[in-house]
Amino acid sequence: MSYVDGFLLAVPKAKLSAYRALARKAGKIWMEYGALQYVECVEDDVQPGKVTSFPRAVKLKEDEVVVFSYIVYKSRAQRDRINKKVMADPRLAGMDPKTMPFDGKRMIWGGFKGIVEM
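Those letters in the sequence shown? Residues 3 to 120, by our numbering.
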């Protein structure tokens, strides 16, 4: 079974191009270090729910879109090794949270082990 890191965040519509550029850069680095797959998706059919939903989870504002992304690895151990290398990579070093094209305080992330794969 594979291991997946999942991310959910709100990106200002005006910064979506900058986010896409950052995601492409980061994705290349993750893949270079051994990730099996790197995927970034922007909302298409995401409705605000009455109790919970993707927009509610990230406290979506009117001028923002929901982005869901995930990275697939062979195992948790491989993920831990890859993430350590990625975080130390100088191509991503020095990124200031104040200049990121999204609000990192509203980003939701976590690691998941597979239970069904087809």
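For glycine and all other residues, C-beta sits at the position ideal for the given N, C-alpha and C.
Alpha carbon of residue i to alpha carbon of residue j, nearest angstrom
i    : j    : result
V69  : Q80  : 25 Å
M2   : I84  : No answer is possible for residue 2: it lies beyond the span of the chain, which begins at 3 and ends at 120.
D7   : F114 : 6 Å
M109 : M120 : 29 Å
Burial state of residue i (16 or more Cβ within 10 Å)
i    : result
A16  : exposed
A2   : Lying outside 3 to 120, the shown extent of the chain, residue 2 is not represented and no answer is given.
S130 : Outside the displayed span of the chain (3 to 120) sits residue 130, for which this structure offers no information.
I73  : buried
E66  : buried
A90  : exposed
Whether residue i touches residue j by CB criterion (9 Å)
i    : j   : result
L18  : A59 : no
L5   : G36 : The amino acid at residue 5 is misidentified as Leu; the sequence shows Tyr. It is not a contact, given that the beta carbons lie outside the stated cut-off.
S71  : V41 : yes
P121 : A20 : No answer is possible for residue 121: the residues shown for the chain start at 3 and end at 120.
Residue i - containing beta strand (DSSP E), residue span
i  : result
Y5 : 5 to 14
Beta-carbon proximity list for residue i, same chain, < 7 Å, skipping 5 on both sides
i    : result
V88  : I31, W32, Y35, L94
L62  : A12, V68
G106 : P99
Where the alpha helix (DSSP H) containing residue i begins and where it ends
i   : result
S19 : 18 to 34
I84 : 78 to 90
beta-carbon residue i near the ligand ZN non-hydrogen atom, thresh 8 Å
i   : result
F56 : With respect to the ligand ZN, the structure shown offers nothing to examine, as it has no ligands at all.
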